[in-house]
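Have a look at the structure below before the remarks.
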Amino acid sequence: MAFHISVTKMRKNMADTDFEREFLEAHNAYRQDHGAPPLTLSRELSVSAQSWADHLLAIRMLKHSPQSDKGENIFCMQSSRPMKISGKQPVENWYNEIKDYNFSRPGFTPNTGHFTQVVWKDTKELGVGIATDGTTIFVVGQYVPPGNMNVQSYFERNVLPPGSSAKGGGGGSWLIFTQRNNQRWIVQVQKVKIQAKILFQPTS
């Protein structure tokens, strides 16, 4: 999708310390509620994310970088007046996709991929870049290991319902995912599916 905007002056911006801190803290607050361990900020990933954010501002398009070894979320905002955003704002925007995620049928969908990357349990590190000309802002988050691995059982293991503990249980009702026995593992995942379906059943 192209952005047809008039730009008088383009300037590149690195995410400052406050923005990075807010960005990281927002991720970890949501992850804690989904039983995922906290992420750490990677300077190497931030350099990569910044480079891509600068590129997106230059080309005025929303598109993913060609780096397949990283997960990636992109946020864009436009205004007719100069604006600033907090590091929490893009993460909230991504996380709000939870309303469209079906925990009883886990898997990837284009409408929920940002949310699932934010809470993806196996992800360990993130980086962030921000580029703006004052009225248009691009924020890029990059993640390793990448989330949204569309392999059988990966979404069950990595995108847990709200209220889950870091071990895969929440409020004493969710089962632990760390069993060594393959047969026990399958049984536990199936039980979690059933509980998720009950907890997130739409109300009329």
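Residues 1 to 204 (UniProt numbering) are what the sequence shown spells out, left to right. Glycine is no exception: its CB is placed at the ideal position from the N, C-alpha and C atoms.
Would you decide whether residue i is buried or exposed? Buried here means 16 or more other CB atoms lie within 10 Å of its CB.
i: Asn158; result: buried
i: Gln50; result: buried
i: Met90; result: The sequence given here has Pro at residue 90, not Met. Looking at its Cβ environment, which holds 16 or more other Cβ atoms inside 10 Å, Pro90 is buried.
i: Val47; result: exposed
i: Glu156; result: buried
i: Asn150; result: exposed
i: Thr17; result: exposed
i: Leu62; result: exposed
i: Gln142; result: buried
i: Ser153; result: exposed
i: Ile98; result: buried
Given residue i, which residues of its chain have a CB within under 7 angstroms of its CB, disregarding the five upstream and five downstream residues?
i: Ile85; result: Met77, Ile137
i: Gly147; result: Gly71, Thr116, Gln117, Trp120, Thr123, Asn158
i: Gly113; result: Asn148
Output the distance between the C-alpha atoms of residue i and residue j, rounded to the nearest integer angstrom.
i: Gln32; j: Glu22; result: 15 angstroms
i: Gly83; j: His55; result: As written in the sequence, residue 83 is Met, which differs from the Gly given in the question. Looking at the two C-alpha atoms, the distance is approximately 20 angstroms.
i: Gly127; j: Gly35; result: 21 angstroms
i: Ser80; j: Leu57; result: 16 angstroms
i: residue 240; j: Pro161; result: As displayed, the chain neither begins before 1 nor continues past 204, which places residue 240 out of reach and without an answer.
i: Gly107; j: Ala131; result: 31 angstroms
i: Val140; j: Ser65; result: 10 angstroms
i: His96; j: Tyr30; result: Looking at the sequence provided, one finds Asn at residue 96 rather than His. The straight-line gap from Cα to Cα measures roughly 11 angstroms.
i: Arg60; j: Gln67; result: 19 angstroms
i: Arg105; j: Asn93; result: 23 angstroms
Is the CB of residue i under 9 angstroms away from at least one CB in chain B?
i: Thr112; result: In the structure shown, chain B does not exist; there is a single protein chain.
Given residue i, which residues of its chain have a CB within under 6 angstroms of its CB, disregarding the five upstream and five downstream residues?
i: Ala26; result: Lys88, Val91
i: Gly134; result: Pro82
i: Pro38; result: Asn28
i: Ser165; result: Gly35
Got a sec? Which residues, its chain only, sit under 8 angstroms from residue i by beta carbon, not counting five neighbours each side?
i: Tyr101; result: Thr109, Thr112, Phe115, Thr116, Val159
i: Glu20; result: Leu41, Ser46, Gly87, Val128
i: Asp69; result: Val144, Pro146
i: residue 208; result: Within the shown structure, residues of the chain are numbered from 1 to 204, placing residue 208 beyond reach of any answer.
i: Ala53; result: Gly129, Ile130, Ala131, Phe138, Val139, Val140
i: Glu125; result: Leu39, Thr40, Leu41, Ser42, Leu45, Tyr143, Val144
On the premise that residue j lies in contact with residue i, defined as a C-beta separation below 8 angstroms, what is that separation, rounded to the nearest angstrom?
i: Leu24; j: Leu41; result: 5 angstroms
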